[in-house]
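Colleague: Residue numbers (mature numbering (1 follows the signal peptide of the UniProt record, and there is no 0)): -18 to -1, 1 to 221. All residues carry an ideal CB built from backbone N, CA and C; glycine is no exception. Structure in structure tokens, see below.
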């Protein structure tokens, strides 16, 4: 569908039609879903050259495209240029930038943005918490991921299962398997439902500590949790 949208836009431009914000915004959104980032950026620039500004939906879509394509610098540039809009729209772009920082191993930037969200009248949600925890996990900062989770819980915020999964995955290093199992139990007590991702991460943590019996018990537990044992978890349990 995104190819058709961009082809129609090209035909309109070649036909001498002046492009408006609505049509360009639709093309930017379509392009972001097609894993494009250069084309949406060019279109945003073209709009600005014509004295026009894309709406929040299109601008946030461009930030999200840069996130998915691991272009955190461009995502940051676009985000800084966004005009303040409704809270929900601003949160979409901010969450996309936090995610882009995480994918780019820019965990310091991700945490800084997370901490300053309230000053922009934005409250972090479970997606924000999950992406921040993932940023720390990607950078192999297991202690940071766990501290973030506990800080969120102490503030009464719901971190969500994605953040817990990142914390469990971060513990897949030698001698940290007890923390992974403890976090899995804490998630259940907070009425979060462990998934295949959660249990696979916990199995990997046990395997990293050569705790094969614990890993095997987790694999046996997956059907009881309503999750199917994954190939990686079975392989890890077998050593």
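Check this for me: beta carbons of residue 145 and residue 129, under 9 Å apart or not?
Modeller: For the purposes of this step, residue 145 is taken as residue 163 along the chain shown, with counting starting at 1. For the purposes of this step, residue 129 is taken as residue 147 along the chain shown, with counting starting at 1. It is not a contact, given that the beta carbons lie outside the stated cut-off.
Colleague: Taking only the alpha-carbon atoms, compute the straight-line gap between residue 86 and residue 151 and give it to the nearest angstrom.
Modeller: Position 104 of the chain shown, counting from 1, holds the residue named residue 86. Position 169 of the chain shown, counting from 1, holds the residue named residue 151. So the two alpha carbons sit approximately 18 Å from each other.
Colleague: Keeping to the same chain, check which residues put their C-beta closer than 7 Å to that of residue 57; ignore five residues upstream and five downstream.
Modeller: If you number the chain shown from 1, residue 57 lands on position 75. Within the same chain, residue 57 has close Cβ partners 45, 48, 49, 78, 79, 82.
Colleague: Should residue 4 be labelled buried (16 or more other beta-carbon atoms within 10 Å of its own) or exposed?
Modeller: Sequence index remark: in the chain shown, residue 4 carries index 22 (1-based). Residue 4 comes out exposed.
Colleague: Drop a sphere of 10 angstroms on the beta-carbon of residue 100, count the other beta-carbons inside from all chains shown, and report buried for 16 or more, exposed for fewer.
Modeller: The sequence position of residue 100 within the chain shown is 118, counting from 1. Classification for residue 100: exposed.
Colleague: Ordered along the chain, which non-local residues of its own chain (more than five positions away) have a Cβ less than 6 Å from that of residue 37?
Modeller: Taking the first residue of the chain shown as 1, we reach residue 37 at position 55. Contacts found: 7.
Colleague: Under 8 Å by Cβ, that's how I've got residue 177 and residue 166 pegged, so tell me the actual separation to the nearest angstrom.
Modeller: Sequence index remark: in the chain shown, residue 177 carries index 195 (1-based). Sequence index remark: in the chain shown, residue 166 carries index 184 (1-based). Going by Cβ atoms, the distance from residue 177 to residue 166 rounds to 11 Å, so no, they are not a contact pair.
Colleague: I believe residue 59 touches residue 40 by the beta-carbon criterion, under 8 Å. Please report the beta-carbon distance rounded to the nearest angstrom.
Modeller: Walking along the chain shown from the start, residue 59 turns up at place 77. Walking along the chain shown from the start, residue 40 turns up at place 58. The pair is not a contact, with the Cβ atoms about 16 Å apart (cut-off 8 Å).
Colleague: Could you pull out every unbroken alpha helix (DSSP H) segment of at least 4 residues lying fully inside the region 99 to 123, listed in chain order?
Modeller: 108 to 120
Colleague: So the candidates are 143, 134, 89; which of them puts its Cα closest to the Cα of residue 169?
Modeller: Residue mapping note: residue 169 aligns to position 187 of the chain shown, counting from 1. Among 143, 134, 89, the Cα nearest to that of residue 169 is on 143.
Colleague: Quick one: what's got a C-beta closer than 6 Å to residue 159's C-beta in the same chain, skipping five residues either side?
Modeller: Counting from one through the chain shown, the residue named residue 159 turns up at place 177. Once the five neighbours on either side are set aside, the close Cβ partners of residue 159 are 187, 188, 191, 193.
Colleague: State the Cα-Cα distance for the pair residue 220 and residue 62, rounded to the nearest angstrom.
Modeller: For the purposes of this step, residue 220 is identified with residue 238 of the chain shown, where counting begins at 1. For the purposes of this step, residue 62 is identified with residue 80 of the chain shown, where counting begins at 1. Here residue 220 scores only 46 on pLDDT, less than 50, and its place in the model is too uncertain to base an answer on.
Colleague: Report, in whole angstroms, the separation of the C-beta atoms of residue 133 and residue 84, which I expect to be a contact under 8 Å.
Modeller: Stepping through the chain shown from its first residue, residue 133 is reached at position 151. Stepping through the chain shown from its first residue, residue 84 is reached at position 102. Their Cβ separation, rounded to whole angstroms, is 17 Å, which puts residue 133 and residue 84 out of contact at 8 Å.
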